[in-house]
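Visitor: Structure below; questions to follow.
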Amino acid sequence: MTDYGHDLIFGTFVTPTARNASDVVDLAVLADRSGIDLVTFQDHPYQSSFLDTSTLLAFVAARTRNIRVAANVANLPLRPPAVLARASASLDVLSGGRFELGLGAGAFWNAIEAVGGRRLTPGQGVTALREAIEIIRAIWDTDARGDVRHDGEFYRTDGAKRGPRPAHPISIWVGAYKPKMLALTGTHGDGWMPAIPNLPNGAASYPDHNARIDEAAVAAGRSPSAIRRFGVLIGGGFGGTPRGLLDGPVEMWTEQLAGLALEHGVSGFVVATDDPSTTQRYGLEVVPAVRELVARERG
Amino acid sequence: MDVGLGVLLDAARLPGARLTDLAVRAEQRGLDLVVVGGVQGGLDPLTVAAWVAGATSRILVGVADAGVPPAPDTGDPEQPFPFVVDKSLDGLGLLSGDRLLRGPGAWSVAVDSTIDAVKAAAGAGVPVVVAVRTVHDVDRVVELRVVDHARRPASVRARRMPGIDYEGVPDVLAAGVVEPGDSAYRSVASTYMRGGAPGLVLRATTVEEVAAAITFARRHTDLPLGVRSGGHGFSGRSTNHGGLVVDVGGMDGVEVIDPDRRLVRVGPGASWKRVATALRPYGWAIGSGDAGGVGVGGLATAGGIGFLSRKQGLTIDRVRAVELVLADGSPIRASDDENPDLFWALRGAGANFGVATAFEIEAEPIGDVGWASLALVVDDVAEALEHYGRVASEAPRDTTLFMMIGPPRGGRSVMQLYGVVDNADPDTIISRLTPFARIGPIVQQSVTVSAYADVMDMTDTGPGGHQGVGEPVARSTLFREFTPEVARLAADAVASGGVGILSVRQMGGAIADVPEGATAFSHRDAGFAVAVLGSNARRVDAAWDPVRGLGIGSYLSFETDQSPERLGDAFPPPVLDRLRELKRRYDPGFLFRDNFPIDPRPADARLEETAR
Ligand SMILES: Cc1cc2nc3c(=O)[nH]c(=O)nc-3n(C[C@H](O)[C@H](O)[C@H](O)COP(=O)(O)OP(=O)(O)OC[C@H]3O[C@@H](n4cnc5c(N)ncnc54)[C@H](O)[C@@H]3O)c2cc1C
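Residue numbers (the working numbering), protein chains in the order written: chain S, 25 to 323; chain G, 17 to 628.
Quick look at the structure:
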């Protein structure tokens, strides 16, 4: 049993389809009303059929009450770090501390280049992400003196103003899959946000990947529990017969999610679904049941 | 204001919560535009604009294009990609329902908040914005608008409709009038249920303004006159085509005036969600209907059959006083001690007697409640209706489950049950729901212990302005019980396809504790209010007429047929006679005649009219 001691967070992952903008917002509102803690949207600015994720997050935050919002994950190559830091802090202020920052190094380089971004190798992507996290945290740190200076391999500034100051300490959750990125998550991140279907062995990858993050964290003098572990899963549905991961009765969902928490220390669940009734049942039925089961097992 | 008037918010200087308040206030007060400006160092203007668009539903939102250079330095952490900025503005246009204005050329900024500065800025022919920092500043901008109302530009005047004295709108109303060429028109033309195109909407926020609106309306008696509060009327008569609308949606205050008596003063424009939220800290509630978005004005003058009615009575049974403006423009108060005749009429047929401007309502203490929503599959609709009817009639007063059912698909129908158990104890909630859950196999269920205010929140329609289209078709019939015959004929009506949805609201309990005749609302012996909706009036009637014959009357809030027969269904002869007599006294000129009109004229004159 692995346990990093975090409270559980339950989220959804909604497709930001531009054609159905109001449905997208409605799904977030429904998630909020169903007691779900977090709503996330993917960020692919070059994808013309998607809404822009930054404005969507702000719009959704204004229409909801309790739910937190985050990109899953923000596309660094097209979101310059100081711009991202300021938009993030602004929304955190407006929403009373309901913003968290999901962040990734980017993929689909042809598309990124086509709209003006620069192509990076995977190795360069890791360095750029590290630099970006340093700049973002520096912009948020309004107590520090002087402007932000950074002379890195990928970002340079000799005087960016600090601020605005976020309403709460915004967490940075990294979408990481490869060893170097996992290590960066351990040294610089507040959370690790992988999509389980994209892990080499699905959920079975957790022990190995967790260990890499833990090692890097410890080597950097941090506690492994400084990094929350997520799992993004596809929400199949609530059929009567168990068919697979998150595809079957409520009890099955409950056991599967609780299993991830208890076996692998996952404390953030993000369910991908665009179906209102799945969203509602997940929030109203599964979430309380998982909390209860995990609390009981944790003792 | 000729070209549109709005406010400019400085995202760099104002605290976050204030930005939201100012934008919402500007929208509430009927301004056209809120522009988010700001320089480096404060909140990000684009993020603020997106937030403001989300926090509002009608007002235009302006944001200045940053004007970024075409080829950014990708190593500069402060330089956004033009492509991405563009995309976010496009996305905001979609999200906001086309309310985004991209500046800076789309508006002009007045140098200060004087009328001269506004006039000078208006010369540019685009909307004028005035920088504001407080709610008081916003209100001052609204006043500026008053001075300049009449001189709208030719492009707006070109869309005026015949028979309306646009230039003669009284000054006190000028701030709130919306005519077809105005930018705000789209957001006020239609209601929740019905598409409309009124010639002039008079938004009134004080008793004085309501009086002025009524006086103005009296000069236009040949045109339809709609009265609107929350805009959720089933019949959609709070809009029209080519006529006037008096809109008191802005009178939405909720104020506790006597904590010992739990007496609450509520404006007609408040939504029931707003009422519930305001009373939540006191641990009180006023029952309304099942939808948080419905307005006070329409419901509290008609009845109010809701989740708490079986325990608290109808909403009108909790009303202790009503203030309204009569057809002659005079304000009046009605209660058990003041104008009791009028008070009687206002509780059931209020729309015929004036425009209500405030209600004093006695709230009841309430704890958390069980909020349930169940979906059952039923093969035999008639049997299921009868079963539901039996269980509902036997349920204790704390249990109210409404029901909805549609035409069968593949031989089966889905019955939706939703409602409240007014008890916070989970075991009690479950035991109350169990008999309902036995009606058929459950395919979906959710039961939560919630604050009553959350129930109203969950059933709110959300912001977005009313965008109803076409003509609604609904028929309303009250039944004592679901006898096998009622159930069978109702099931046939649903199966015929003529009726799209059959919805049933459980009555009984405390509703029947009030003596028949105590209010104009009649048929207190009803056990169920049934509403059927469809798309074609002829087909709905063909399907529903046989069932209506078994009913005991009608509740007009779910009816769209304006014929005198339906009025007779709602009010039995002695009640209707008394209403007619009062109508002669309070509205002899028949000004309020758009929604289930009670004709004040004697029967022979009415007959003559019908013959012609
Ligand atoms: C989704 C939905 C669910 C509903 N559920 C229920 C329910 O559970 N129980 C129930 O009882 N009803 C219910 N209703 C019906 C609702 O109560 C009525 O339609 C009510 O009239 C709506 O009030 P409003 O102020 O929102 O509507 P409006 O459209 O503004 O007004 C409707 C009519 O009321 C009159 N009116 C409005 N304001 C005033 C005023 N200030 N003074 C005098 N007359 C006025 C006018 O005749 C007007 O045409 C529901 C309606 C909808 C759309």
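Note that CB positions come from ideal geometry on N, CA and C, so glycine has one too.
#1: What residues in the region 295–311 of chain S bring their beta carbon closer than 8 Å to a beta carbon of chain G?
#2: Using the Cα positions of S/A184 and G/R210, report the straight-line distance between them to the nearest angstrom.
#3: Please name the residue in G/N368, G/T373, G/D333 and G/T331 whose C-alpha comes closest to that of G/G349.
#4: Within the 7 Å Cβ cut-off, does S/P69 reach chain G?
#5: Measure the C-alpha to C-alpha separation of G/N439 and G/L433 and round it to an integer number of angstroms.
#6: Counting contacts by CB-CB distance shorter than 7 Å, is G/M474 in contact with chain S?
#7: Residues of chain S with a CB under 7 Å from the CB of G/G32: which are they?
#8: Spatial neighbours of G/R336 within its chain, please: C-beta separation below 8 Å, excluding the five flanking residues on both sides.
#9: Grab me the residues of G/L607's own chain with a C-beta within less than 8 Å of its C-beta, minus the 5 sequence neighbours each way, in chain order.
#10: Determine the chain G residues that contact S/L75 at a beta-carbon separation under 8 Å, and present them in chain order.
#11: By the three-class DSSP mapping on this structure, what secondary structure does S/F34 have?
#12: Nearest chain S C-beta to G/K103 closer than 7 Å, yes or no?
#13: Under 7 Å, do G/P284 and G/V264 count as touching if we go by C-beta distance?
#14: Rounded to a whole number of angstroms, what is the C-alpha to C-alpha distance between G/L111 and S/A42?
#15: Since I believe G/Y602 is in contact with G/L358 (beta carbons under 8 Å), could you give me their beta-carbon distance rounded to a whole number of angstroms?
#16: When the Cα of G/G119 is compared with those of G/V188, G/G426, G/S304 and G/V52, which residue comes out closest?
#17: Can the beta-carbon of S/V93 be found less than 7 Å from the beta-carbon of S/V48?
#18: Is G/D306 near ligand 1 - that is, is its Cβ less than 6 Å away from at least one heavy atom of it?
#19: Just the chain G side, please: which residues come within less than 8 Å of S/A111 by C-beta, in chain order?
#20: Quick check on S/A319 - is its C-beta less than 7 Å from some C-beta in chain G?
#21: Quick one, which residues of the region 75–91 of chain S are near chain G if we go by CB-CB under 9 Å, in chain order?
#22: For a contact defined as C-beta to C-beta under 9 Å, what are the partners of S/L153 on chain G?
#23: Any contact of the region 236–255 of chain S with the region 178–193 of chain S, i.e. 3+ C-beta pairs under 8 Å?
#24: From the DSSP output, read off the bridge partner residues of S/N99.
#25: Does the Cβ of G/I273 have 16 or more other Cβ atoms within 10 Å, making it buried, or fewer, making it exposed?
#26: To which residues of the same chain is G/R632 closer than 6 Å at the C-beta, ignoring the five residues directly before and after it?
#27: According to DSSP, is G/E339 part of a helix, a strand, or is it coil?
#28: Using 7 Å as the limit for Cβ to Cβ distance, is G/W67 near chain S?
#29: Any chance you could list the alpha helix (DSSP H) runs of at least 4 consecutive residues sitting entirely within the region 173–234 of chain S, in chain order?
#30: G/R34 to G/G524, Cα distance in whole Å?
#31: Could you check whether the Cβ of S/G126 sits closer than 7 Å to any Cβ belonging to chain G?
#32: Could you tell me which residues DSSP pairs with G/G22 in its beta bridges?
#33: In the region 167–183 of chain S, which residues sit with their C-beta less than 8 Å from some C-beta in chain G, listed in chain order?
#34: Please classify G/G314: is it buried, with 16 or more other beta-carbons within 10 angstroms of its beta-carbon, or exposed?
#35: Can a CB atom of chain G be found closer than 7 Å to the CB of S/R142?
#36: Going by the C-beta, is G/G247 closer than 6 Å to any heavy atom of ligand 1?
Guide: The relevant details are as follows:
#1: S301, Q304, R305, L308 and E309
#2: 53 Å
#3: Note that residue 349 of chain G corresponds to Arg in the displayed sequence, not to Gly. Ranking the options by Cα distance to G/R349, first place goes to G/T373.
#4: yes
#5: 18 Å
#6: Output row for G/M474: interface = yes.
#7: Result: V117 and L118.
#8: L279, S351, D352, E376, I377 and E378
#9: I230, A233, R234, T237, L241 and A343
#10: Residues of chain G whose Cβ lies closer than 8 Å to the Cβ of S/L75 are, in chain order, G107, L110 and L111.
#11: strand
#12: By this cut-off, G/K103 is an interface position.
#13: yes
#14: 8 Å
#15: 7 Å
#16: G/V52
#17: no
#18: yes
#19: D60, L62 and T63
#20: Any Cβ of chain G closer than 7 Å to the Cβ of S/A319 would place that residue at the interface, and such an atom is absent.
#21: With the criterion set as a beta carbon lying under 9 Å from some beta carbon of chain G, the members of the region 75–91 of chain S are L75, D76, T77, S78, T79, L80, L81, A82, F83, V84, A85, A86, R87, T88 and R89, in sequence order.
#22: What S/L153 touches in chain G: nothing, since even the nearest Cβ is about 13 Å away.
#23: Touching, no.
#24: S/G128
#25: Answer is exposed; the Cβ neighbour count stays below 16.
#26: Any question about residue 632 of chain G goes unanswered here, given that chain G covers just 17 to 628.
#27: strand
#28: yes
#29: Restricted to the region 173–234 of chain S, the alpha helix (DSSP H) segments that are unbroken, complete and at least 4 residues in length are 203–212, listed in chain order.
#30: 47 Å
#31: no
#32: G/L49 and G/V145
#33: H174, F178, Y179, R180 and T181
#34: buried
#35: Yes, S/R142 counts as interfacial toward chain G.
#36: yes
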